[in-house]
Structures are given as C-alpha cells and as structure tokens.
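Protein chains in written order, with this note's numbering: chain A, 1 to 342; chain B, 1 to 377.
Glycine is no exception: its CB is placed at the ideal position from the N, C-alpha and C atoms.
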Amino acid sequence: MSGGVDSSVAAALMTDAGHDVMGVTLKLWSGPHGEAPTTGCCTVSDAEDARRVAAQLDIPYYVLDHTDDFKDGVVERFVADYASGRTPNPCIECNRIVKFDRLLRRLDDFECDVLVTGHHVRTRQSNGVWHLMRGSDHAKDQSYVLSMLTQRELSRTLFPVGELTKKEVRRVAAGMGMRTAYKRESMDICFVGQRDYRGFLRDTAPEVFSSGTVVDTEGNEVGSHEGIVGFTVGQRRGLGVAVGEPRFVIRIDGGTSTVVVGPREALGVAKVYLDQLTWTDGHGGDGQVMAQYRAHGEPVPAHLQGDTLVFDEVQEAIAPGQTVAFYDGDIVLGGALIASTS
Amino acid sequence: MIYLDHAATTPMRPGVWEAMAPYAAEAFGNPSGVHGVSRRAKNALEDARELIAELIGANPLEIVFTSGGTESDNLAIKGAVQANSGRNGLVTTAIEHEAVLETADFLKRFGFPVTIVGVDESARVDPDEITDAVNEETAVVSVMMVNNETGTVQDIAAMSAAAKTANPDVLVHSDAVQAFGCESIDVDDLGLDLLTISAHKFGGPKGSGILYVREGTALEPVLHGGGQELGRRSGTHDVASAVGTATAARLAMDDRPRFATEIREVRDRFEATLTTGIPDLQVNTPTEGRSSHHLNVRIPAVRNETLLMLLDQRGVCASAGSACQSGAATVSHVLEAMGLSPDAARESVRFTFGWTSTAGEADEAAGLVLDLVSRFR
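Okay, structure coming up:
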C-alpha cells in the first residue's frame, strides 16, 4: 500500500471479497539520518495515508524495511546507468527487484497466498498459463512497467484495480469515504523527489560528472560538457553548441564521456539490441511483434530475431536502458532492456 | 492479547485515571493563579511533587515536572552544558536512548565537546572509561540506569564516582526511565545530580515525566516562558498528569518487590522455554546485572520483522527495540554497540514483562514463538 488510491482500493476490494488481508508499505528509501522522503511516492504522509486506510478497512498493517534491496538493486543501478550513458527506468527495476522478487519471496513467511497490488493491469489464466494484459483503463495502463513478470510472479499476484477505470477506482474510494479517493498521483521518482534527477546525481554521485566533448556525427568536436548525465537521447535544448540548424543528442558514449549531436534525421533507430529478454509464458521466440518502448507510447510493429529487434518503420530517439515490451493486442508477451541501438 | 512490550509502555495502574480526573474537570485551575480553583490545583501539584521526592530520596524543590523522558533528558543535558559553568562538554555512552544520543549529536553540531563511551558485549560501561573521558571541560556525564533494549543494569554509583574522580565539579545524570519501579533509586546513594523518570513506563499517564535536579545545580532552561518550576521549565502545569504520575509512582514502588520475584520468574520461565526449544538461541540480555523484566534474544535465520508480524497476528505484542516514525524496524544501535552485526540485530527480538504479566501468558507466548520458529526452520 503506497498510500495512493489504487492500492487503497485494491485492499478494499480484497477485503470486500471476504479475503484475509494484511496491508504492507515498503520503506525503500531514507535520507542520511534515516528520514523518509517528503516528496515523491514514498513519503511519510503517504505511509500515514496507507496506515489510516488499513485502519479503516480493519486490517493489520506493517511497514517493511526494504531499503537495502532498493539501494543495491535500484538506486545504485540508476546511478551506474546514467554514468554509462544509459537512460534507466528505476520504477521498472523497483517493481522487478523489490516488489515482485524480494517481497514476493516473503509471502510464505507471512503466511500469505497472494500478493495484491494496485497496478492497472489484468491477468487471465488459460490452460494453466497466466497471461498479463493491459489494464481496462488504457490511459492508466501499467503493463509496460510489469512486462518482465513471468509465471512465477503472475501465479501469485492479483491486480484487482486493473479491471476498473481510474474513474471507477476513485468512485469506489469515494463511496467508502476513503481519504485517498481524490489524492493526486505522484509522478516523481521517489528517491529523486522534486529536484530533477541531475540534482540527485550531483548530490549523491558527483563522480559521475566528468567533463567531455560534444561531437557531430562525423566525429568533429563541436563543444564540451560538464558530464554526460546532463544529456538524454533526443534532447534538443541546452547542448551548448551553436550551429545554424537544430541539433539533437543522438548518442551518449559513457566510456569516452562523449555526447554525439546531429540533425533530427540522425535520431532514427532502425533496430535495437536487447538484454534480459523474458517471456511471460516462458517460451516466446522469433517473429513479428508489437513493440512498445515508452511507458505511454504506442506499440509499433517489429520483427524479433534472437536478441535483435528490427522495427518495420524507423523509430526516433530511443535510448539504451529503456525497456521494450511486446504485445499481442492487450496481452503482454514479454519484455527486455534495450542494450544498444542502431 | 498477550502484551510483552511493557518497556515501550505499560497499562495504567488501577486508580490512576480516577485520581487524575478531577484535575482535568472541576479542579481545572491554573496552579499559578490567585483564586480558589487555582489553589486547589496548586495544592494537588505540590502533593504530587512531595510524594515523588520522597520516593527517590529527594526534597520537593528538586523535582521538575516535564512532558516526559525525552524532555527530561534534553533539559538535563542541554541545561547542564549551557549553564555557564565554564565547562560545556558532554560524556555519554553508545547505548543511551535516542533522547540522549540525538541531543548529543545536536550539541556536537553546535560545537560542544561530546564524547561517546563504548560498551562491552553485555552493553556494560566500564567506569574507568568514564574517568578517562571526563576532563576539565566536561559539564555533564549521562549514563542510563537500565537499558531499554537489553535490560542491562549499570552500576550508577560507580559511574558517578568515576566521573567525580576525574572532575569533582562534573554533573552526573542518569536516564532511569526503564528502572523506576524495579530498581532501588535513591539519588544520594547513587551520587546523582540529575535523574530522568517517565510516568507511562510504570503505569502513569503518557506525556508526563520528572527531572530530578539536585539543589544548587545551575541549569539553563530549554523552554523559556512564564518561569514555572522555579524557572527551570516554563509552561502551564498539567496538574492531572502530575497527580497521575505521583499516584502511579506510589503504586509502582509498593509493587516493586513483585518485580524482584514474581515478574522476574515469569521472564525467566519464558526465557528457559525459548532456550530449551531453540538450541541456537542467543540471549542478548546479559546473564549478570540484568533487569527483572527485559529479555532480548537473537533467533538465527529468523528475521525479527517477520516474526513480530506473525506474533501480532496471533495476538502477541513484542518489539525489535526502537522503531522509527514510519513504524519500520531499524537496526538497533544498542545491539550494534554490543558488537552484533546488522544481520544479527535484524534477528533480535525484545520481550518485556510488566506488572500485568502472568506465567500463563509467558507459557502461551513462548509456545507460539517456538511454533513459529519451527516453521521457519
């Protein structure tokens, strides 16, 4: 229970259905003196909201300390990814490593049968196989961030709010008089807070700011920079390069601390090479897929061969580190990390 | 429910609430006033002060009413180092309550000399280390009487003597929050200048505490204002709480012999059942010099967070020592100071017994712990 409306309603729906429910909030991040964040998604007031909702539902409630898992698995990786010129999605890693691995492993210890979350996704079982599907509310669908779940996780997890639209979720919460019914959604990365991620990196990992050069696609030096973490693929503003036509960040080379800029045409990506490819049912393979490489992007047709994904049409501004999810209609087939692009 | 978290707080003793009630209602007067309803409140306040003074061998003017143990610790330490004595240093230990350690950290940030003395594997302080740490700039030495997490009892008289050997002018403070009602407390015998007591730990109301301040001790107040408590602690008196504190203190002192016998036996019985049933159990509470009612144990390979949740669901209330605001269990600084690894500290659980504890409860709770542990193994 994050303290948001979705997990509040998830808990309420399970309680209403007559299950024995207990609520947990994961403590994932704390400042140097152990203080909880005050902005972002894991704040003290969020935990208090979760606690109060649990009290309203009359279910036991606990705060579980997963700060070490989060630091090792999510934050350090986030820093390392930026340092090497990649664009990580820490929320995906948090789900994959903390919620659907470390927490799920503790279910038996807690004498629980299933984990229930407030994600907007649905699952269906057919012929003994669990399928992950987009949430009923496509605008709020979170299947992209859960695209690396497999049978192990799906068989022990329920997503009751995925069957509802966000509006319906709020209506259920309001109907029960829940304090979280009209709560604003948090969009910040929890440990970064309201600063931008560069401010976070500057405070916590100043070593990733090493200066380097800005070059054009031909390799000619056109400027300098104070650290590659200041750039993302597709970025146009703040390049510190004065040339006539618009220039974009095309590539970032962490090894040499080089930022490559070029015209818009150079942003084109014909194919991507994949890492950590997983299939929901455990056995996918080569062939035609619909591929989505942004959390709220449209899926595009592509052909998978081994660990190479070739887009039917050239795509624009894809960065290594992003996740790509594969779909068949509303059904998630699997997911992977983008290792490199070409 | 089986309540084994008495060191966190203990139920109010019978009659305390009733003794307090008149001073929340009809005798509502501000004891600083000049009229009848105020005089009645003032009279009750001073009765409470006299009773508490008598129980610890003090005189009434040495008793300062505060909002609890935390405030008393803050006032004792901040008050002593800021008292313009020409000395502004603090010497304390690694196993103190956060009310002392965070105060020490605060003072350090503002440039006050702070020395933290370590402990041995029983959480015991060596008086010689106190002597070594105290110097001409030390204003106050603070050593807790009974540790809240392990129940380790310090020889406070020896600490006072050790401190005063090094510097006769130094003030000696002890946080006796976990000790009052169980240990014998006489401020002269212990050689103390300052002593902290918290009412809710012995069956009084929450939000009420005492700081004993030896006559003649200069103390800069932490709360400035109307000058109540001889200027040592401003703020309108909570007369009902003071009355409740004194009433509970009397009851606790009368009940003290039972802690040395019955309650200790209940704790020992619980400990024996766990020790027999869990061969690799480690008892963090020392064998010698232990309180009558604390038991801190490490159960290898069983995470305390999980065990406490499952015990809670079976109606057994225990704890893992200190908890942060979010309610997540944090690694105990006391166990770390004793040399336990963070992982070992995460496998350590605290059971604390109190005036309502019975042998039947101890047996039932121990049985539930053994049952849960066997399922994890």
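- Could you tell me the distance, in whole angstroms, from the CA atom of PHE393(A) to the CA atom of LEU28(A)? There is simply no residue 393(A) to check, as chain A begins at 1 and stops at 342 in what is shown.
- Query: Is THR306(B) close to chain A, meaning its C-beta is less than 7 Å from at least one C-beta of that chain?
  - Reply: Using beta-carbon distances, THR306(B) counts as an interface residue toward chain A, with a partner under 7 Å.
- VAL114(B) to VAL141(B), Cα distance in whole Å? Looking at the two C-alpha atoms, the distance is approximately 10 Å.
- Task: Identify whether ALA302(A) lies in helix, strand or coil by the three-state DSSP scheme.
- Result: In the structure shown, ALA302(A) sits in a strand (DSSP, three-state: E or B).
- Between THR92(B) and ALA83(B), what straight-line distance do the alpha-carbon atoms span, to the nearest angstrom? Taking the straight line from one Cα to the other gives about 18 Å.
- Task: Give the single residue among MET176(A), SER126(A), SER186(A) whose Cα lies nearest to the Cα of ASP343(A).
- Result: Residue 343(A) is absent from the structure shown; chain A starts at 1 and stops at 342.
- Message: When you compare the CB of MET309(B) with every CB in chain A, is at least one pair closer than 7 Å?
- Response: For MET309(B), at least one C-beta of chain A is nearer than 7 Å to its own C-beta.
- Task: On a CA-only basis, which of VAL332(A), LEU104(A), VAL214(A) is nearest VAL249(A)? Give me that one, please.
- Result: Closest by alpha carbon: VAL214(A).
- Task: Can you say whether TYR197(A) is buried or exposed, counting buried as having 16 or more other CB atoms within 10 angstroms of its CB?
- Result: So TYR197(A) counts as buried.
- Assigned secondary structure, ARG237(A) (DSSP; H/G/I helix, E/B strand, else coil): Under the three-state reduction of DSSP, ARG237(A) is assigned to coil, being neither helix nor strand.
- Item | Cβ-based neighbour list, VAL343(A), same chain, cut-off 6 Å, excluding 5 preceding and 5 following | The structure shown does not extend to residue 343(A), since chain A is modelled only from 1 to 342, so the question has no answer here.
- CA-to-CA distance, PRO31(B) to THR330(B), given in whole angstroms: When rounded, the distance between both Cα atoms is 42 Å.
- Query: Run through DSSP, which three-state label would TYR23(B) get?
  - Reply: Three-state DSSP puts TYR23(B) in a helix.
- Can you list, in chain order, the residues of its chain whose CB lies under 6 Å from that of GLY240(A), leaving out five sequence neighbours each side? Counting only Cβ-Cβ distances below 6 Å, and skipping sequence neighbours, we find GLY223.
- Message: Between ASP58(A) and chain B, is any beta-carbon pair separated by less than 7 Å?
- Response: No, its Cβ sits nowhere closer than 7 Å to a Cβ of chain B.
- What residue from LEU64(A), ALA50(A), ASP65(A) has the CA that sits closest to ASP58(A)'s CA? Per the Cα distances, ALA50(A).
- Query: Along the chain, where does the beta strand (DSSP E) that runs through SER126(A) open and close?
  - Reply: Start and end: 121–126.
- Task: Taking only the alpha-carbon atoms, compute the straight-line gap between ARG269(B) and THR356(B) and give it to the nearest angstrom.
- Result: Straight across, the Cα-Cα distance linking ARG269(B) with THR356(B) is about 16 Å.
- Starting from the Cα of ASN167(B), find the closest Cα among GLY151(B), ILE299(B), ALA53(B), ASP132(B) and give me that residue. Of the candidates GLY151(B), ILE299(B), ALA53(B), ASP132(B), ASP132(B) places its Cα closest to the Cα of ASN167(B).
- Message: Rounded to the nearest angstrom, what separates THR9(B) and GLY209(B) at their Cα positions?
- Response: In a straight line, the C-alpha of THR9(B) is about 13 Å away from that of GLY209(B).
- Message: Taking 7 Å as the threshold (beta carbon to beta carbon), is ASP72(A) in contact with chain B?
- Response: Cβ-Cβ to chain B under 7 Å: no for ASP72(A).
- Query: So which of SER342(A), PRO299(A), ALA80(A), ALA336(A) has the shortest CA-CA distance to ASP328(A)?
  - Reply: If you compare the alpha carbons of SER342(A), PRO299(A), ALA80(A), ALA336(A) with that of ASP328(A), the shortest gap goes to PRO299(A).
- Item | SER45(A) in three-state terms, based on DSSP | DSSP places SER45(A) in helix when its eight states are reduced to three.
- Can a CB atom of chain B be found closer than 7 Å to the CB of ASP109(A)? Yes - at least one Cβ of chain B is within 7 Å of the one on ASP109(A).
- Query: What residues from the region 221–252 of chain B come within 8 Å of chain A, judged by C-beta to C-beta, listed N to C?
  - Reply: Here the close residues number zero.
- Message: With three or more C-beta pairs closer than 8 Å as the rule, is the region 11–18 of chain B touching the region 33–41 of chain B?
- Response: The region 33–41 of chain B makes no contact with the region 11–18 of chain B: fewer than 3 CB pairs, one atom from each, lie closer than 8 Å.
- Query: Buried or exposed: which applies to GLU245(A), given that a residue is buried once 16 or more other Cβ atoms fall within 10 Å of its Cβ?
  - Reply: Classification for GLU245(A): exposed.
- Minimum C-alpha distance to ALA157(B) - residue among ILE130(B), GLY191(B), ALA139(B): Per the C-alpha coordinates, the member of ILE130(B), GLY191(B), ALA139(B) positioned closest to ALA157(B) is GLY191(B).
- Kindly list, in the order they appear in chain A, the residues whose Cβ is closer than 9 Å to that of PHE376(B). Ordered by position in chain A, the residues that pass the 9 Å Cβ test against PHE376(B) are ASP109.
- Quick one: complete alpha helix (DSSP H) runs, 4+ long, within the region 158–202 of chain A? Qualifying alpha helix (DSSP H) stretches, in chain order: 166–175.
- Nearest chain B C-beta to TYR293(A) closer than 7 Å, yes or no? At a cut-off of 7 Å between beta carbons, TYR293(A) makes no contact with chain B.
- Item | the region 91–117 of chain A: positions lying closer than 9 Å to chain B by Cβ | Listed in sequence order: ARG106, ASP109, PHE110, GLU111.
- Task: Go through its chain and collect everything with a Cβ distance to THR275(B)'s Cβ below 8 Å, but skip five positions before and after it.
- Result: Here the set comprises LEU281, VAL283.
- Task: Within its chain, find whatever has a CB closer than 6 Å to the CB of SER72(B); leave out the 5 residues flanking it on each side and keep chain order.
- Result: Once the five neighbours on either side are set aside, the close Cβ partners of SER72(B) are THR66, THR196, GLY209, LEU211.
- Item | Paired residues, beta bridge with THR138(B) - DSSP | THR138(B) pairs with GLY89(B).
- In its own chain, which residues sit with a C-beta less than 7 Å from the C-beta of ALA366(B), not counting the 5 before and 5 after it? Within the same chain, ALA366(B) has close Cβ partners PHE270, THR273, LEU274.
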